[in-house]
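Just below is one structure, and these are the notes that go with it.
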Amino acid sequence: MNQAAVLYIVPTPIGNLGDISQRALDTLQAVDVIACEDTRHTGKLLSHYQIGTPTWALHDHNEQYKADQLVSRLQEGKSIALVSDAGTPLISDPGYHLVNRCREAGVQVVALPGPCAAVTALSAAGLPTDRFVFEGFLPAKDKARHDKLESLKDEPRTMVFYESPRRLLETVAALVTVMGPERRLVVSRELTKAFETTHGLPAEQMLAWLQEDSNRCRGEIVLMVAGHKADADALPVAAQKTLSLLSADLGLKKASALTADIYGLKKNALYKFGLEAGL
Numbered sequence: 001m002n003q004a005a006v007l008y009i010v011p012t013p014i015g016n017l018g019d020i021s022q023r024a025l026d027t028l029q030a031v032d033v034i035a036c037e038d039t040r041h042t043g044k045l046l047s048h049y050q051i052g053t054p055t056w057a058l059h060d061h062n063e064q065y066k067a068d069q070l071v072s073r074l075q076e077g078k079s080i081a082l083v084s085d086a087g088t089p090l091i092s093d094p095g096y097h098l099v100n101r102c103r104e105a106g107v108q109v110v111a112l113p114g115p116c117a118a119v120t121a122l123s124a125a126g127l128p129t130d131r132f133v134f135e136g137f138l139p140a141k142d143k144a145r146h147d148k149l150e151s152l153k154d155e156p157r158t159m160v161f162y163e164s165p166r167r168l169l170e171t172v173a174a175l176v177t178v179m180g181p182e183r184r185l186v187v188s189r190e191l192t193k194a195f196e197t198t199h200g201l202p203a204e205q206m207l208a209w210l211q212e213d214s215n216r217c218r219g220e221i222v223l224m225v226a227g228h229k230a231d232a233d234a235l236p237v238a239a240q241k242t243l244s245l246l247s248a249d250l251g252l253k254k255a256s257a258l259t260a261d262i263y264g265l266k267k268n269a270l271y272k273f274g275l276e277a278g279l
């Protein structure tokens, strides 16, 4: 099964050890080295499945220089599996620099499908899944977090975040302020584990629900936010500006008709807007 000079991206369970695939187990058994975030953490998984493959630590603090060493071993004909502590490597976990260096060096990279907390949570959230955006972890500092949420306020796709249990309340409070008390949120925690929960509420109610019991903020957390729904009757800003400019010379009635033709809008809606705006 194993090929020499291949970097395998191997997802590992996010909680329940039974979620690992047979292909992942075969790969971890067959490779020469397993690169992992924490050798002790991965060691427990390997011990459970009686896998004795050597491990190398590869984490945020050493990845850039360790990547070159691992690429050299791959070029010598060795095979390496990359794992994170849980889930799919590179998804808010180390591995980008190593994969990037492998691509630059012409080393084959093979990704195995498997567990990912973001996708697992989203599939059970009851929010739209036809289009979504994964944002990883929000900034820890209040202002940076607020600014990031402001930039996402009008995002129409479902947003998926990872969040620390220590910052969950602060983040939900910021969402109430920035995106409004009625924005739909879903919090999933401890996925695939004994105390797994998924709960959805409008933002303000979610904040109150979390504050009622500190246990609701514990564990590994995925926070999902419904996308912004634009008002169907809202006029594009560009159309509003065009109407304002044209009405100064043509009058509101003619300006409304011309603007409607330019933007494919209803002239009555434009005329009504103009009257309300005093054009």
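1 is the number of the first residue of the sequence shown in the working numbering; add one for each residue after it. For glycine and all other residues, C-beta sits at the position ideal for the given N, C-alpha and C.
Notebook entry, point to check: Which ranges would you report for the alpha helix (DSSP H) in the region 93 to 122 if only whole runs of at least 4 residues count?
Noted result: Complete alpha helix (DSSP H) runs here, min 4: 96 to 105.
Next item on the list: Identify, in the order they occur along the chain, each residue of the same chain with its Cβ nearer than 8 Å to the Cβ of MET1, setting aside the five sequence neighbours on each side.
Entry: Translated into positions along the sequence shown, residue 1 becomes position 1. With a pLDDT of 48 at MET1, under the threshold of 50, the predicted position of this residue should be treated as unreliable, though the coordinate-derived value follows. Residues of the same chain with a CB within less than 8 Å of the CB of MET1, apart from the 5 flanking positions on each side, are ASP26, THR27 and ALA30 in chain order.
Note to self: Taking 8 Å as the threshold (C-beta atoms), are LEU243 and LEU270 in contact?
What the structure shows: As a first step, residue 270 must be located in the sequence shown, where it is residue number 270. As a first step, residue 243 must be located in the sequence shown, where it is residue number 243. Judged by their CB atoms, LEU270 and LEU243 are nearer to each other than the 8 Å cut-off.
Notebook entry, point to check: Do ALA157 and VAL172 have their C-beta atoms within less than 8 Å of each other?
Noted result: Along the sequence shown, one-based indexing puts residue 157 at 157. Along the sequence shown, one-based indexing puts residue 172 at 172. For the sequence presented, residue 157 should be read as Arg rather than Ala. Cβ atoms of ARG157 and VAL172: not closer than 8 Å.
Notebook entry, point to check: Which stretch, first to last residue, makes up the alpha helix (DSSP H) that contains GLU242?
Noted result: What you label residue 242 is simply residue 242 of the sequence shown in a count that begins at 1. Sequence inspection shows Thr at residue 242; the Glu mentioned does not correspond to that position. Where THR242 is concerned, the enclosing alpha helix (DSSP H) stretches over 237 to 250.
Next item on the list: Could you check which residue in LEU252, GLN64 and LEU17 has the C-alpha nearest to that of ASP85?
Entry: Taking the first residue of the sequence shown as 1, we reach residue 85 at position 85. Minimum Cα-Cα distance from ASP85 among the listed residues LEU252, GLN64 and LEU17 corresponds to LEU17.
Next item on the list: Pull up the distance between the alpha-carbon of HIS146 and that of VAL178, whole angstroms please.
Entry: Counting from one through the sequence shown, the residue named residue 146 turns up at place 146. Counting from one through the sequence shown, the residue named residue 178 turns up at place 178. The alpha-carbon atoms of HIS146 and VAL178 are separated by roughly 7 Å.
Checklist line | Boundaries of the beta strand (DSSP E) in which ARG189 is found, first to last residue | finding: One-based indexing of the sequence shown puts residue 189 at position 189. Its beta strand (DSSP E) spans residues 184 to 189.
Checklist line | Supposed close pair LEU223, PHE161 - CB separation, criterion 8 Å | finding: The sequence position of residue 223 within the sequence shown is 223, counting from 1. The sequence position of residue 161 within the sequence shown is 161, counting from 1. The pair is a contact, with the Cβ atoms about 4 Å apart (cut-off 8 Å).
Margin query: Helix, strand or coil, according to DSSP, for VAL31 in the structure here?
Written below: Counting from 1 along the sequence shown, the entry for residue 31 is found at position 31. In this structure, VAL31 counts as coil in the three-state DSSP scheme.
Next item on the list: Pair every Cβ in the region 52 to 72 with every Cβ in the region 136 to 155, then say whether three or more of these pairs are closer than 8 Å.
Entry: Result no; under three Cβ-Cβ pairs closer than 8 Å.
Next item on the list: Thinking ARG189 and GLY227 are a contact (beta carbons under 8 Å), I'd like their distance in whole angstroms, please.
Entry: The residue labelled residue 189 in the question sits at position 189 within the sequence shown. The residue labelled residue 227 in the question sits at position 227 within the sequence shown. 22 Å between Cβ atoms; not a contact.
Next item on the list: Measure the alpha-carbon distance for LYS78 versus SER92 and round it to whole angstroms.
Entry: Position 78 of the sequence shown, counted from the start, is the residue given in the question as residue 78. Position 92 of the sequence shown, counted from the start, is the residue given in the question as residue 92. Here the alpha carbons of SER92 and LYS78 stand approximately 27 Å from one another.
Note to self: Just to confirm my understanding: we take CYS36, look at its own chain, exclude 5 residues before and 5 after, and list those with CB closer than 6 Å. What are they?
What the structure shows: Translated into the one-based positions of the sequence shown, residue 36 becomes position 36. These residues qualify, in order along the chain: THR42, THR55 and VAL83.
Next item on the list: Within 10 angstroms of the Cβ of GLY126, are there 16 or more other Cβ atoms? Answer buried if so, exposed if not.
Entry: Within the sequence shown, the letter at position 126 stands for residue 126. By the neighbour-count rule (16 or more Cβ atoms within 10 Å), GLY126 is not buried but exposed.
Notebook entry, point to check: Which residue comes first and which comes last in the beta strand (DSSP E) that contains HIS199?
Noted result: The residue labelled residue 199 in the question sits at position 199 within the sequence shown. From DSSP, the beta strand (DSSP E) with HIS199 extends over 197 to 202.
Next item on the list: Compute the Euclidean distance between the alpha carbons of ASN62 and ASP38, then round it to the nearest angstrom.
Entry: As a position in the sequence shown, residue 62 is number 62, starting the count at 1. As a position in the sequence shown, residue 38 is number 38, starting the count at 1. Near 12 Å, if we compare the C-alpha coordinates of ASP38 and ASN62.
Check: Does DSSP put ALA57 in a helix, in a strand, or in coil?
Finding: As a position in the sequence shown, residue 57 is number 57, starting the count at 1. ALA57 falls in the strand class under three-state DSSP.
Item checked: Exposure of VAL166, with buried meaning 16 or more beta-carbon neighbours within 10 Å -> Along the sequence shown, one-based indexing puts residue 166 at 166. The sequence shown places Arg at residue 166, not Val. So ARG166 counts as exposed.
Notebook entry, point to check: Quick one: Cα of LEU279 to Cα of LYS253, how far?
Noted result: The count along the sequence shown starts at 1 and reaches residue 279 at position 279. The count along the sequence shown starts at 1 and reaches residue 253 at position 253. Taking the straight line joining both Cα atoms gives about 10 Å.
Notebook entry, point to check: What residues match up with ALA81 in a beta bridge as DSSP calls it?
Noted result: The count along the sequence shown starts at 1 and reaches residue 81 at position 81. Looking at the DSSP output, ALA81 sits in a beta bridge with TYR8 and ILE34.
Next item on the list: With DSSP as the reference, please indicate the residues paired to TYR285 in a beta bridge.
Entry: Absent from the structure is residue 285, since the part of the chain shown begins at 1 and ends at 279.
Margin query: For LEU210, which residues in the same chain have their Cβ closer than 8 Å to its Cβ, ignoring the five residues on either side in sequence?
Written below: In the sequence shown, counting from the first residue as 1, residue 210 sits at position 210. So the list reads LEU168, LEU169, VAL172, VAL187, ARG216 and CYS217, once near-sequence residues are dropped.
Notebook entry, point to check: Helix or strand or just coil, what does DSSP make of PRO89?
Noted result: Counted from its first residue, the sequence shown places residue 89 at position 89. If DSSP states are grouped into helix, strand and coil, PRO89 belongs with coil.
Check: Per DSSP, PHE132 forms a beta bridge with which residues?
Finding: Within the sequence shown, the letter at position 132 stands for residue 132. According to DSSP, which records beta bridges pairwise, PHE132 is partnered with THR158.
Next item on the list: Please go through the same chain and pick out, in chain order, the residues whose beta-carbon is closer than 7 Å to the beta-carbon of GLN72, but skip the five residues on each side of it.
Entry: Residue 72 sits at position 72 when you count from the first residue of the sequence shown. It is Ser, not Gln, that sits at residue 72 in the sequence shown. So no residue of the chain qualifies.
Margin query: Would you say the beta carbon of HIS61 is closer than 7 Å to some non-hydrogen atom of the ligand PLP?
Written below: In the structure shown, the ligand PLP is absent, as is every other ligand, since no ligand is present at all.
Next item on the list: Return the chain-ordered list of same chain residues with a C-beta closer than 6 Å to the C-beta of LEU128, the five sequence neighbours on each side being excluded.
Entry: For the purposes of this step, residue 128 is taken as the residue at position 128 of the sequence shown. The residue asked about is misnamed: residue 128 is Pro in this sequence, not Leu. Beyond the five residues adjoining it in sequence on each side, PRO128 comes within less than 6 Å, by CB distance, of THR158 in the same chain, given in chain order.
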